[in-house]
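Accompanying notes for the structure given below.
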Amino acid sequence: MRIAIFGGTFDPVHTGHLEVAREALRHCRLDRVLFVPASHPPHKGGVAVAPYEDRVRMLELACAGEPAFEVSRLEEGERVSYSIHTIEKVRGTLGPDDELFFLIGADAFAELTTWYRWEDVVRLVTFIVASRPGHNYQVPAGSRVIPLTTLALPVSSRELRSRLAAGEEPPEIPKPVLEYIRAKGLYRDGAAGPVQHPDR
Ligand code: ATP
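For the sequence shown, position 35 (counting from the first letter as 1) is numbered 34 according to numbering that gives the first Met the number 0, and the numbering increases by one without interruption.
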């Protein structure tokens with residue numbers, strides 16, 4: 000099995016995430032992409048705009064009909080979500096012949112050496128780094144990187160949150176996810192940035 004972990008806040012999930020995952024699947028001949036939403040993302044001040052449960056639900060809606068995509072609750076309830084913990088947990092479920100990848104955008108990969116136990120992270124996974132407009136990165140010594148350069152999609156969750164707050168229905172958000180956002184009244188107030196949110 001060739002499995003990629005795709006971590007993120009997914010606040011909300013958008014076509015950029017999905018297209019990057021499809022491209023990685025094809026390019027790296029993966030069997031599965033495991034979407035792992037962070038409960039408290041350390042690189043976003045530990046907070047997301049939408050509650051964890053809603054971000055999981057939106058991912059499930061977006062991944063329905065994609066047999067190779069799976070949504071994981073591995074980071075549920077964690078005080079802070081550290082990738083190394085997720086990687087170790089997933090590694091523990093794999094056999095010796097299985098290969099573990101970590102799918103990531105260029106912006107996030109550029110911050111790799113600030114991660115908790117990043118030296119352990121690079122030993123355990125091969126990174127698949129998706130290009131993102133305006134973001135360059137260095138490859139830290141010892142890390143294995145497969146660059147995914149065929150896509151450079153300008154879409155971001157932050158921009159989509161602003162557009163949702165302005166009453167738009169951005170086409171970069173899958174239809175069932177948009178319907179969920181409307182039904183739950185998510186992202187309605189003007190704040191595009193994270194606000195403190197009690198977990199449900
Ligand atoms: P925000 O705008 O709130 O920072 P985001 O759009 O970057 O959010 P995240 O959930 O933080 O979304 O991203 C999860 C992962 O997906 C990260 O590795 C990020 O780099 C990657 N990613 C998100 N959007 C893109 C994109 N358009 N192209 C390539 N990678 C992306």
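For glycine and all other residues, C-beta sits at the position ideal for the given N, C-alpha and C. Small disclaimer: the values here were computed from a predicted structure and weren't measured.
Asked, Found
"Span separating the alpha-carbon of Val79 from that of Ser38", "7 Å"
"Backbone secondary structure at Ile172 - three-state DSSP", "coil"
"Any non-hydrogen atom of ligand 1 closer than 8 Å to Ile103 Cβ", "yes"
"Simplified DSSP state of Met0, which is helix, strand or coil", "coil"
"Counted within 10 angstroms of its Cβ, other Cβ atoms place Tyr115 as buried (16 or more) or exposed", "exposed"
"Burial state of Leu29, where buried means 16 or more other Cβ atoms lie within 10 Å", "buried"
"Reference His134; option with closest CA among Val121, Gly184, Ala151, Thr125", "Ala151"
"Val144 in three-state terms, based on DSSP", "strand"
"Whole-Å CB distance - Asp10 paired with Val48, under 8 Å assumed", "5 Å"
"Every unbroken alpha helix (DSSP H) inside the region 22–62 [4 residues or more]", "51–62"
"Limits of the alpha helix (DSSP H) - the one that Thr85 falls within", "82–92"
"First through last residue of the alpha helix (DSSP H) which encompasses Val12", "Run containing Val12: none; DSSP gives neither H nor E here."
"Inter-residue CB distance, Val154 and Gly15 (contact presumed, cutoff 8 Å)", "4 Å"
"Residue environment, Thr8, which counts as buried when at least 16 other CB atoms sit within 10 Å", "buried"
"Beta-ladder partner(s) of Phe68, from DSSP", "Val32"
"DSSP three-state assignment for Leu99, whether helix, strand or coil", "strand"
"Inter-residue CB distance, Val32 and Ala20 (contact presumed, cutoff 8 Å)", "5 Å"
"Under the three-state DSSP convention, the category Val124 falls into", "coil"
"CB contact flag (Thr85, Leu73, <9 Å)", "yes"
"Given Phe100 as reference, the closest of Glu65, Glu110, Leu147 once Cα atoms are compared", "Leu147"
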